[in-house]
Structure formats: C-alpha cells, structure tokens
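Here is the structure we will look at.
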Amino acid sequence: MAEPDKRVVKAEEREADAEEKSAKASGESASAMKGFTRSMGDWFKTTGAQNVKQGAGKAAEGVKKATVAVGGAVGSSAAAVGKPMLAAAKSSSTLLLILGVAHYFLRYFYSDSSSLFVLSFVLFLVAGFALAARLEKERVAILLPMLMFVIWYWVFDASISMDIILSFLIIGGSIMLLVAALTKGGSVIAELAGFVPVLFLFLDVGLIPFLIEKLDLTITPLIEALVLYMPWWAYLGLFTLPEHPTDNKFLNGFLGLLKFGGIIWIVILVLSVSIPGVGYEDVSTTKVLPSIEQFEDAQARVKAKIGPGELFLTNLKCLGDLTDFANCVAQGKDKAQLEATCKETEDVKSGATSLDDCVIEEQKKAQIAKSQAGSSVDTKVEATTLKVEIPQVNLQSVAKPAIAVNLLVENPRQLSLDLIVNCTFKKDSTVIKGEVSEGGAAAEQLPLKVTSDTAQLLLYCSPAKDLEAKEITSYTVVVEAMVKGMITTSSLRRAFIGTVLREQKESIVKTVKADHFKSTQDVESKAPAEFARINFAFGSPEKNPVIASDDKLRFSSNVENVGGGRIIAINSYSYDLSERGFSSSSANCLPFQKKTIPENVRTKIDLGVCPLTAPSDLSNFKSDPQVQTFFATLNYDYAVKAQGTVQVQVVPVG
Amino acid sequence: MKTRIMVVIVLIVILFVSGCGGDTPNTLQKNYKLGYGSLALVVDEQRSPSVVYQHRPFSLALTLYNRAGYEAKNVQVSMGSYDQTFISVPNPQQQFSSLEARSAFTDDNGGRADLSFNGETLDLHGSEERRENYRLYVSYDSKMEFAPTICVNTASYSVFDAGCQMPAKPLSFSGQGAPLAITKMEEIVVGAENPELELRLHVEDKGQGKIKSMRLGQARLGNVPLACSFRDMVVNEDKSFSFKKDKRDGEVICTATLSEKYSYDTSLFVELLYNYEFSVARQVTIKK
C-alpha cells in the first residue's frame, strides 16, 4: 500500500516539474518539440499514476474499496492531471502550429509529395495528441477513429464496395459503441474528436480540389482562394491552443485575433459554398476515393489553374468586394500577369512607354486573344532553352575591350541548333557594332552549332572599332543570340463520339470529359515551355473537345511568343490534320502562309479562323468514343538578348 | 488501463468473429436469383502491365464473370476511348454469344469467359512518358424474373374467409439476381362489380452500369395473362423502354380482371428482358 503511494507522490512531483518546464517550452517556438516530447511522457505518466492508484486500491481493500479508491484517485488527480494536460495541449498545439506553418510553406515551395505526405501524417498524429491532451478523460479513445480511418484507407484501399463499407461500418461502429458503453459514455467525446484529424488530413492533402475535379464542380475563385491557400494544420494547432496559452497578454491577444480571423475565413468559406453544376460519372468503379498522389495531383492542377503565390495577395484585396469577388480576382490575376510581362519589355525598361500604357495595350490584345486558341505547357516534353549571360566586368582600359559572354544552351531533345550571335555597344544614341568570337576569329555574326543536350559556350564581344573614352565612360553591351530554324511541336487532343442518340450524348460526353479533359489545360493545345509555339484548336466551338457527327467544326490557330525574346521570322508551320483526312473550305487556313512579323507584337500572331470538316471515319461511326491527338509544327527564328554595362577609360600607351 | 484492456479484448474478439466464416451453404438449395448480380470484368493485373514502353506490345488480359442468376446473351466487350495516336489495338471488340448464369454448376463467380486485347504502343512524339486513360465497355442482353406468391382478395369488404390477407402496404424485395430489379410491389383492387387487380411494380437499376433498353417478356398471375405497361419511362425507337434521363427507376403497372370473389394465394410471374451496359476506366503509362 505504502509503495504505490510513494510512486504516486513521485509521479506528481515529476508532473509539477514537467508542468513548469513545459510552460516555458511552449512560450518559445524553438523548444516546442522538446516540450511536446516531454508532455507526451507526462501524459503517459499521468495515466500510469492513475493506474497505479487503481491497482493499489484493489490490492489492499478489495473490490468495493478499490472502486472507492479509484473514484477518489480520479477525483484527486483531476487537478493534478489538469495542469500537465494544459501544458501538453499547449506544447503539442504550438508544435502543430509551427509544423503546420512550415508544412504550408513547404507545400508551396517544395513539391516532393511523398516527403510532404510523411509530414502530413506526422501532423495527423500530432493533431490527435493535441486534441487528446485537451480532453479530460478516455483520451486513448481518440485513436479509434484515426486507426479505423488508416485501416480503411490503406488496408482496405479506400474501397467503397458496399460489402466492405457495411462490414467496416458495423465492426467499427460496434467497437466504438462498445468502448462508449464500457466507459459509460466517457469516451464519446474522444471518439468524435478523433474524426477531426481525419478531416484535416483530407483537407490538407487536397480533398476539396479533388472533389472539384472528380465531381466536376465549377470552382469559384472565392473558393479557390479560401480553400487552397488555407494552412489547415496551423489553424488546427491555433484552435487547439488553450484559452490563455502564454503569460504575455499581447501575444495572447494576437493569437486570439488570429483565431478570430480563422473563424471569419471559415465562415466565408461555408457561406460561399454555392458551387453549381454537380455531376457524377455514370459508371462508378470500386475505388472512388483517390490515392494521396491523386490528391496531390489534383491540388497541383487546380493551383496551376489560378497561378502562383502572388495571387494570394490579389485575392485578399478582393475580400473587400465580396459582391463581385470572382470578377475582382479574375481582373487582379490578369493585371498582375500583364504587369509582369510589361516590366520585361524593352519599351518599359527604357522608359519609352509607361507601365500603365503598356498594361492597357496588353489588356486590349488579351481581349482579342481570348477568342483565339489557347495553349498550355506540355510538361512531358523537355524544353529547349537559350540564355545569354554577361558577367560583370571591371573598368576597361583598352580601346577594344573584350567582354566575356556566356551562352547557355539546354537542348534535351538533342536538336541540331543553328545559332547566330552578335553584339553591339551603345552610348546614348551612338551604336557601335561589335564582333563576337569563340576565342578564334571574330565576326559580326558568329555562327554556332549545338547538337549536344547541354552546352556552355564562352564567347567574347569586342567593338568593331576603337571606343573613344578619355574619361570613364559607360557603354551598354547588348548581346543577341538567335536560334535559326527552331522547331516546336504542339499537340491537341480531341474525342470523337460519332453518331449517338440524343439522350445518350450527355452521359457519353460527361464520361469522355472525365477521362480525358479534366482541366482547361487538357482542352487546349500543349507545347514545351520554350521560345514560341503554335496554338491551335478545333471543335464546336474550338474549346469543346468532344465532337459528335453532326457538329459543325471551326478551326483557329495562332503563334505565341512565350520565351521573353523576339520572334524574328516564321519560316513555316503545318498541321497533321490534312493527312488525317480533315479539310477546310477555306484554302488559306491550313496551308502555310508567309507572315510578316510586326515589330511591336509581343504575344500572339493570329494565323486565322476557318470552318473544318472531319473525315467520315471520325464522324459517321457507331462505336465507342475515339480519342486522337493532333500535332502542329512551327519552324521559326528566335532571338534572345542580354545587356550589361561596361566602363571604359582608354589609357594611352607610353 | 481497464478501458484500454477492454478495447484490446474487443478488437481481438471482433477480429476472430469476423475472421470466422459461416458454414458453406448447400449450393443445391441456394437461390441464385436473389440480389443484384451482374456481369463483372476482372483484369489479370500480372498479364496486363500498367507501364508499357514505347513501340512495345500492349496486352490486356481479362476475365468476364456472369454473377447474375440468368444467362447473358450477345455479350460484347470492347476497349475504347483510348488515344489512338499512342496505342494501337487492331481488334478492340470481342463478342460471346452467351455466358452461363451463376448456378450450382458454376462457382460463386458464375459463368466465365477469358479474353484479351493485344496491340502495341506507338511513338510518344517527344514526350518522356504519357498516362493514357481508356475504358473497357461491356454490353449484354439478359433477363430477370419476378416470381413471388401473392395473396389476391377481390372481396369488397374485409371479410374473414379463412383465405389469405392482401398486404395493406407495398411489399419490398431485395433483387432477383440481376441488376434490373423489382424492389417494391403494391397490390390494388379497383372496382366492385368486375374487380380488377392492379400490381404496381417499382423497377430499379441497382447495378453499376446502365439499362439501355427493357421490354416485357411474360407476365402471368397463376394462369391468367397480365396486361402490363411501363410508366414514367422513355419509349425508344424500337418500342423498348428505358429510364428517364438521370433516373434509375420507374414503374411497371400490370392488371388482370378477376372472377373469384374470395381470397387466395397464387403465383405471380413477371419477366423483363433488358440490355445492359457498363464500363470500367483504366490507365496505362507509356514510357519512352
């Protein structure tokens, strides 16, 4: 009897000690992990202390007395348990908050989904502990739903087969009910709390984006902003923090404000869930829930659709205009993209055009371009890149300084690239031609050939005539590298459903879209992320990827400059439509037409719109849908430029 | 501690209980015309690699099981909706005139047919790899039989005549061994002088696919032929019926004029013939 009591006293002493240490730890984010580990120890120690008391009571005074002892032990230890639990809750919630924020940023800047998933799973466990630590009794029961979910998802492969679901629900439900009955209802709250980490795990790995794609919901920009940019784990950590987590009133107030902000955010999210157009696939397979990879893919695709991180701020600004949020976000997104494009242009850099004028001009062009064929990046095809670098140079003291130039070529498709490099020296309005050499003979236009997958060419640029600079004079060195006869191939996928009954058409189209055209990118033509590309589309209208026998088809195409340089010439372009049996009543539409490239064109050069007729084998047939990919090839000359500054002061010899 | 021990005990007990199967039912006494069994396509994953290299043979080995309680006829399996630019399958359709029903002479999966689709992967046009989706479509003709014993009572008033009692509420049924099932039946007697029995049969598609068309085979009440009509359904060009758009159920109303003025038990037999189709989505990765 005496021995267990001593152990209890010791345990309580350790708890008090741990409480102090844990409280300190929670105040400092750097020591949160330490506090968490210690608190976990406390948690189990506390449970151990209770058990020791129970055991002692039973041994000494028999069953009846033991019951009284247990009751007393639980009652007397409640206060002792409460404080360590608060500390445990504090440290685990702080850890969840910190790891949640880290995980959120890692997700956006680091795309290794397997590592992120491991972190998500760790957060799942930490969240379970954080929630359990806030409960007063039967904390272990929180593991039941978490364990059940893990078994169902991984062991049963998330099957929704009625047999498995029914068996699982019956067994799982029975276990939960039995545990609840055995604990006289004490475990109910813990069991329900166990579903919270499960829900957050799904929210984190992209349940909502997946549902958007799987169920074909029309996602509004408001939902995009609110759901995809939500640091779910961090918020769970924030909400599981105790009422007064620190001794600092200011910090407590700040955390309270964050909680309030989180609530507002979630309220907006809930209120705005007015997503129209829910549709389900006609044919369901046994496994409808996705794997984690599918979740991650879906999230990545939806995020790609709305663009990179700076949109977050744009979207936040639009929260003030909830009545027209969708429009506000769309406009903000377009404007941010146009501003970025304009900042890169020579006219804006040199001050010839103001940024605002450039944006207005680009907006007009974008309006026209919206009706044209769009494009997306084909990540499956490796892109060719060309980069000119001019390392910083010191003050030059000769009349014909040789400026080092690095030409970096990535040629993963191992094309035979013909390059021509030239350079000029500029001072105010004076332009002095330069000569380029690769260590040997110099030429105004230096031809180079690259066939390897990567190449780093070390070049030198010198003025063709002596520079006159008795004082220190700054010259701008402009180096231009042109790739001649560059070939970029674009692909476009279309599905043909042939002759189908009117009442069947809708479900067939829905299935084909779910299989092959899940996102806007799948509907548009795709090309590798290099210099320029030909965008093309056809359908009824062009952006409808599913074609039935009675559809009147329209074709449109354009050439888009995406490399930040200049399209010098379009040498030729072709589509494989004719060889697949497509024809057009317009003679000038599909064959190559020579185009003059206007000096001021920065983005798209329209190649035309015309009616198109599909061959009979792709229109008048009665069988399963036929899917085909079409290709368009663009042959063009493209130039990229770089400029640097060189200071020259010619020192007379002798 | 007590709770945790109990949780562990409960888990172990449930594991044992769920792990123990019941007695194997006597297959000769088993009624195979129960439930919602349909044709099922099972892919032999070992002989159907999910990753195939460019310009290499593509193969897909399958087994088609008939888990329905009725023979399937005109069975057609096809591979479709694949991108023909990257996969070539010279013979994407296969047909079987019939597939045996699940019975005492087959295993629990019913009659089976093995089939395979063979072809090759084509040029990836510069891509490192492509994930290609495709579908396996299955369509077949079959039937379902609804044959309960029902009580018919045409008496005007509820007089006890030592016979049987007609159900006051619609009766529920749990499938007749086919995806097309009669799930509810309501008996209504209309008129007093020449009473007419109206049977309202609620028909549902409980399978994973879609009923393309259905028509009435036989309908009898004892030896009396029933006049049946399809309600809340679409009439197809070939006079068959199908469910309305976005609906998976409808009604069949069968009537018979009865001469007997007392209650009696009799057998009802309604046979529906249908054409069914379903598809299974698959994916193959083609690598360079």
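Going down the list, the protein sequences come from chains S and W. Numbered per our numbering, the first sequence finishes at 1225, counting up by one with no gaps. Numbered per our numbering, the second sequence finishes at 314, counting up by one with no gaps. Heads up, the beta-carbon is just placed ideally off N, CA and C, and yes, glycines get one too.
Which residues in the same chain have their Cβ closer than 7 Å to the Cβ of S/F1153, if we skip the five residues on either side of it in sequence?
Excluding residues within five positions, the ones whose Cβ falls inside 7 Å are L1183, T1184, A1185, P1186.
Under 8 Å Cβ-Cβ, which residues of chain W neighbour S/S1062?
Residues of chain W passing the Cβ test: H151.
Please tell me whether S/D1195 has its Cβ less than 7 Å away from any Cβ of chain W.
Answer yes: the Cβ-Cβ gap between S/D1195 and chain W drops below 7 Å somewhere.
Given that a residue counts as buried once 16 or more other Cβ atoms are within 10 Å of its Cβ, and exposed if not, what is W/Y302?
With 16 or more other Cβ atoms within 10 Å, it is buried.
Please name the residues in the segment 99-121 of chain W whose beta-carbon is closer than 9 Å to at least one beta-carbon of chain S, in chain order.
If the cut-off is 9 Å between Cβ atoms, the segment 99-121 of chain W has S104, M105, G106, S107, Y108, D109, Q110, T111, F112, P118, Q119 near chain S.
Exposed or buried, S/E1006, counting other C-beta atoms within 10 Å across all chains shown (16 or more means buried)?
Label assigned to S/E1006: buried.
Could you check whether the Cβ of S/Q1199 sits closer than 7 Å to any Cβ belonging to chain W?
With 7 Å as the cut-off, S/Q1199 counts as an interface residue toward chain W.
Mind listing the chain B neighbours of S/K951? Cutoff is C-beta to C-beta under 7 Å, in chain order.
No chain B is part of this structure, whose protein chains are labelled S and W.
For W/T89, which option in W/K195, W/Q120, W/Q110, W/S289 has the closest C-alpha, if you only look at C-alpha atoms?
Out of W/K195, W/Q120, W/Q110, W/S289, W/Q120 has the C-alpha closest to the C-alpha of W/T89.
Look up S/N982 in the DSSP assignment and say whether it is helix, strand or coil.
S/N982 falls in the coil class under three-state DSSP.
For the segment 979-998 of chain S, list every residue whose C-beta sits within 7 Å of some C-beta in chain W, in sequence order.
Residues passing the 7 Å Cβ filter: R984.
Counting only beta-carbon separations shorter than 7 Å, does S/P1116 have a partner in chain W?
Not an interface residue.
Under 8 Å: do the segment 171-181 of chain W and the segment 129-141 of chain W share three or more Cβ pairs, one atom per stretch?
No, they do not touch.
Kindly indicate the opening and closing residues of the alpha helix (DSSP H) around S/K920.
Its alpha helix (DSSP H) spans residues 917-921.
Less than 8 Å between the CB atoms is what I'm expecting for W/Y96 and W/A218, so what's the real figure, rounded?
Wrong, their Cβ atoms sit about 40 Å apart, outside the cutoff.
In the DSSP assignment, find the beta strand (DSSP E) that holds S/S968 and state where it starts and stops.
Premise fails: S/S968 is in no beta strand (DSSP E) and is neither H nor E.
Just confirm the distance between the C-beta atoms of W/N100 and W/Y166, as a whole number of angstroms; I'd bet it's less than 8 Å.
Indeed, because the Cβ distance is near 6 Å, the residues count as touching under 8 Å.
Hey, does S/D1188 have any beta-carbon neighbour from chain W nearer than 7 Å?
Not one chain W Cβ lies under 7 Å of S/D1188.
Considering only the alpha carbon of each residue, which of S/E1051, S/G756, S/D1024 lies closest to S/T995?
When each option's Cα is compared against that of S/T995, the closest is S/E1051.
For a test of the three-state rule: what should DSSP assign to W/G201, helix, strand or coil?
Correct three-state label for W/G201: coil.
Between S/L1205 and S/P1196, what straight-line distance do the alpha-carbon atoms span, to the nearest angstrom?
Near 30 Å, if we compare the C-alpha coordinates of S/P1196 and S/L1205.
Could you list which residues in chain S have their beta carbon closer than 8 Å to that of W/N159, in chain order?
Within chain S, the residues near W/N159 are D1086, H1087.
Can you pull the chain S neighbours of W/V260, defined as C-beta to C-beta under 8 Å?
Result: E1074.
Could you tell me the boundaries of the beta strand (DSSP E) in which W/L86 lies?
Its beta strand (DSSP E) spans residues 83-92.
Quick one: grab the DSSP three-state call for W/G145.
Strand.
Please classify W/I6 as buried or exposed, where buried requires at least 16 other C-beta atoms within 10 Å of its C-beta.
Outside the modelled stretch of chain W, which goes from 27 to 314, sits residue 6 of chain W, for which no answer is possible.
Pull up the DSSP beta-bridge partners for S/K1175, would you.
The partner list for S/K1175 (beta bridge, DSSP) reads S/E1131.
Using alpha carbons as the reference points, say which of W/M192, W/S239, W/F122 lies closest to W/E224.
Closest by alpha carbon: W/M192.
Taking only three categories from DSSP, how would you classify S/P1099?
Residue state, collapsed to three classes: coil.
W/K195 lies in the alpha helix (DSSP H); which residues open and close that run?
No alpha helix (DSSP H) holds W/K195; DSSP gives it neither H nor E.
Which one of S/L737, S/A1026, S/E1009, S/F766 has the shortest CA to CA distance from S/P1018?
If we check each option's Cα against that of S/P1018, S/E1009 comes out closest.
Can you give the beta carbon distance from W/L148 to W/T209, rounded, assuming they're within the 8 Å contact cut?
At roughly 47 Å, the Cβ-Cβ gap does not stay under 8 Å, so W/L148 and W/T209 are not in contact.
If you draw a straight line from the alpha carbon of S/A1013 to that of S/A1100, how long is it in whole angstroms?
In a straight line, the C-alpha of S/A1013 is about 33 Å away from that of S/A1100.
With distances taken between CB atoms, is the gap from S/A973 to S/S1033 smaller than 7 Å?
Yes, these two residues count as a Cβ contact at 7 Å.
For a contact meaning CB atoms closer than 9 Å, what does S/F1109 contact in chain W?
Residues of chain W passing the Cβ test: none, with the nearest at roughly 15 Å.
Take S/A1108 as the anchor and find which of S/V1222, S/R1125, S/S1120 has the nearest alpha-carbon.
The shortest C-alpha separation from S/A1108 is found at S/R1125.
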